[in-house]
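Working notes, beginning with the structure itself.
Numbering (UniProt numbering), first residue to last: 1 to 119.
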């Protein structure tokens, strides 16, 4: 079963509240987790994201796309990275989330759909 694990945070707050050693430990953990998931065949895709200040938002206005600078919504925290994994059970994905949350503070786990829902 495929799941998406979404890590939320704020780069500025992280840099202000964590030591260089803590950040290096977190990065080391993430690199090793990615290797372990790849080795086990559970990793589908993972990616860290740039700071939300670099985002562009595209909206439909009068039938035409309009691009503006910045994220879609103002928020203290935003999506900073994610994993898509293919695991045997919900228990396994929650086990992985329990490891990651030690470094992120908050993690959202959501099943991925293979097809649109029936209408």
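Heads up, the beta-carbon is just placed ideally off N, CA and C, and yes, glycines get one too.
Within 10 angstroms of the Cβ of residue 58, are there 16 or more other Cβ atoms? Answer buried if so, exposed if not.
As a working mapping, residue 58 is identified with position 58 in the chain shown. Answer is exposed; the Cβ neighbour count stays below 16.
Just list the beta strand (DSSP E) runs in the region 25-62, keeping only unbroken ones of 3 residues or longer that don't cross its boundaries, in chain order.
List check, beta strand (DSSP E) in window: 43-48 and 56-61.
Let's see if you can read the secondary structure: which residues bound the alpha helix (DSSP H) around residue 98?
As a working mapping, residue 98 is identified with position 98 in the chain shown. Its alpha helix (DSSP H) spans residues 90-104.
Please return the same chain residues whose Cβ sits closer than 7 Å to the Cβ of residue 42, not counting the five positions on each side in sequence.
Counting from 1 along the chain shown, the entry for residue 42 is found at position 42. Excluding residues within five positions, the ones whose Cβ falls inside 7 Å are 85, 86 and 87.
Since I believe residue 14 is in contact with residue 126 (beta carbons under 8 Å), could you give me their beta-carbon distance rounded to a whole number of angstroms?
One cannot answer for residue 126 here, as it falls past the ends of the chain, which runs 1 to 119.
Give the DSSP bridge partners of residue 78, in chain order.
Stepping through the chain shown from its first residue, residue 78 is reached at position 78. In DSSP, residue 78 forms a bridge with 9.
Note down, in chain order, each residue of its chain lying with its Cβ closer than 7 Å to the Cβ of residue 51, except the 5 sequence neighbours on either side.
Counting from 1 along the chain shown, the entry for residue 51 is found at position 51. Around residue 51: 11.
Assuming the contact rule is C-beta atoms closer than 8 Å, residue 112 and residue 4 should be a hit. Round their C-beta distance to whole Å, please.
On the chain shown, residue 112 is found 112 positions in, with the first residue counted as 1. On the chain shown, residue 4 is found 4 positions in, with the first residue counted as 1. Rounded, the Cβ-Cβ distance is 5 Å, consistent with contact.
Buried or exposed for residue 89, going by 16 or more other Cβ atoms inside 10 Å?
Here the question's residue 89 lines up with position 89 in the chain shown. So residue 89 ends up on the exposed side.
Using a threshold of 8 Å, state whether the C-beta atoms of residue 100 and residue 107 are closer than that.
As a position in the chain shown, residue 100 is number 100, starting the count at 1. As a position in the chain shown, residue 107 is number 107, starting the count at 1. It is a contact, given that the beta carbons lie within the stated cut-off.
Return the Cβ separation of residue 9 and residue 77 in integer angstroms, given the expectation that the two are a contact with Cβ distance under 8 Å.
Counting from 1 along the chain shown, the entry for residue 9 is found at position 9. Counting from 1 along the chain shown, the entry for residue 77 is found at position 77. 6 Å between Cβ atoms; contact.
If you follow the beta strand (DSSP E) that residue 65 is in, where does it begin and where does it stop?
Taking the first residue of the chain shown as position 1, residue 65 is located at position 65. Residue 65 -> beta strand (DSSP E) spans 64-69.
On the CB-based measure, 16 or more other CB atoms within 10 Å of its CB, does residue 104 come out buried or exposed?
For the purposes of this step, residue 104 is taken as the residue at position 104 of the chain shown. Looking at its Cβ environment, which holds 16 or more other Cβ atoms inside 10 Å, residue 104 is buried.
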